[in-house]
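*Asks:* Structure below; questions to follow.
Numbering (the numbering used here), first residue to last: 17 to 111.
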């Protein structure tokens, strides 16, 4: 899918798309934790695009994805924190 064709908030598939972005962010965050490295939002957006098979085809589409990553990153991190607490610090990775 091209980034310019990604669902928007008005789309009926928006929630599914947003959830996929959150899951991809969580996967990358876990990997970075394991490698004891950090990642900025720009690189994270590129990683999310790669994991979801999104072709970043326009600057506006990149900016939209970057904004979505910035907004949903705290949601992904909170999910990881809760999972870690529930599982005593252990994660099941889906790499």
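Cβ coordinates follow ideal geometry from the N, Cα and C atoms, glycine included.
Could you check what DSSP says for residue 18 in three-state terms: helix, strand or coil?
*Replies:* Here residue 18 refers to the residue found at position 2 when the chain shown is read from its first residue. If DSSP states are grouped into helix, strand and coil, residue 18 belongs with the strands.
*Asks:* Near residue 111, which residues of its chain fall below 8 Å by C-beta distance, leaving aside the five closest residues on each side in sequence?
*Replies:* For this step, residue 111 is matched to residue 95 along the chain shown. Here residue 111 scores only 48 on pLDDT, less than 50, and its place in the model should not be relied on; the value that follows carries that caveat. Excluding sequence neighbours, residue 111 sits near 43 and 47.
*Asks:* Is it right to say residue 59 is buried, meaning 16 or more other beta carbons lie within 10 angstroms of its own, or is it exposed?
*Replies:* As a first step, residue 59 is located in the chain shown; it is residue number 43 there, counting from the start. Burial call: exposed.
*Asks:* Exposed or buried, residue 25, counting other C-beta atoms within 10 Å across all chains shown (16 or more means buried)?
*Replies:* Residue 25 sits at position 9 when you count from the first residue of the chain shown. Burial call: exposed.
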